[in-house]
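Peer 1: For reference, each letter of the sequence shown is one residue, going 1 to 133 in UniProt numbering.
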Amino acid sequence: MSTDRFTQRANDLRRAVARLVEACEQPFNSFVRDSAIQRFEFCWELAWKTLKLRLEVVGIDALTPRDVFQASLQNGLIHDGNLWSDAQKMRNLTSHTYDELLAQKVYEFLLESGQGIFKQLAVDVAQWQTETP
Numbered sequence: 001m002s003t004d005r006f007t008q009r010a011n012d013l014r015r016a017v018a019r020l021v022e023a024c025e026q027p028f029n030s031f032v033r034d035s036a037i038q039r040f041e042f043c044w045e046l047a048w049k050t051l052k053l054r055l056e057v058v059g060i061d062a063l064t065p066r067d068v069f070q071a072s073l074q075n076g077l078i079h080d081g082n083l084w085s086d087a088q089k090m091r092n093l094t095s096h097t098y099d100e101l102l103a104q105k106v107y108e109f110l111l112e113s114g115q116g117i118f119k120q121l122a123v124d125v126a127q128w129q130t131e132t133p
């Protein structure tokens, strides 16, 4: 794993998580909801790609987001497998955000628990950056 590549990905993830949290803290309206969902999609993509790089450090080559999250759980990089599984389901629903009910379901997930897993991952990634690979 390139340290520069991991650092860039980690910084991008940290910024994306901050923007997700910012969106989730705003008073509700459909624009805020849609913004939060878009930021969730950014976080999701950056999360699995950052975890993929971290897994490469221990010699694990996971190719798909699903494989990356399973391997990350098995290797202690993430901790709440059920919540990450829920996040994956929500991410799959975001391709249907034109459906108001589905968009609201994803938004409520983000407010209740979804943003928390990304916040924790950002903290963990910052810690990994201080460790020698």
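Backbone N, C-alpha and C fix where the C-beta goes; we use that ideal spot for every residue, glycine too.
#1: Is it the case that the Cβ atoms of Ala71 and Leu55 are separated by a distance below 9 Å?
#2: Since Ala103 contacts Arg33 with CB under 8 Å, what's their CB separation in whole angstroms?
#3: Quick check on Asp34: does DSSP put it in helix, strand or coil?
#4: Hey, quick one: how far does the alpha helix (DSSP H) through Ala87 stretch, first residue to last?
#5: Mark Ala122 as exposed unless 16 or more other C-beta atoms lie within 10 angstroms of its C-beta, in which case mark it buried.
Peer 2: With the structure as the only source:
#1: For the purposes of this step, residue 71 is identified with residue 71 of the sequence shown, where counting begins at 1. For the purposes of this step, residue 55 is identified with residue 55 of the sequence shown, where counting begins at 1. The answer is yes: Cβ separation under 9 Å.
#2: As a position in the sequence shown, residue 103 is number 103, starting the count at 1. As a position in the sequence shown, residue 33 is number 33, starting the count at 1. Contact flag correct, Cβ pair sits at about 6 Å.
#3: Start at 1 with the first residue of the sequence shown, and residue 34 comes out as number 34. Residue state, collapsed to three classes: helix.
#4: Residue mapping note: residue 87 aligns to position 87 of the sequence shown, counting from 1. Run containing Ala87: 81-93, per the alpha helix (DSSP H) assignment.
#5: Here residue 122 refers to the residue found at position 122 of the sequence shown. Looking at its Cβ environment, which holds 16 or more other Cβ atoms inside 10 Å, Ala122 is buried.
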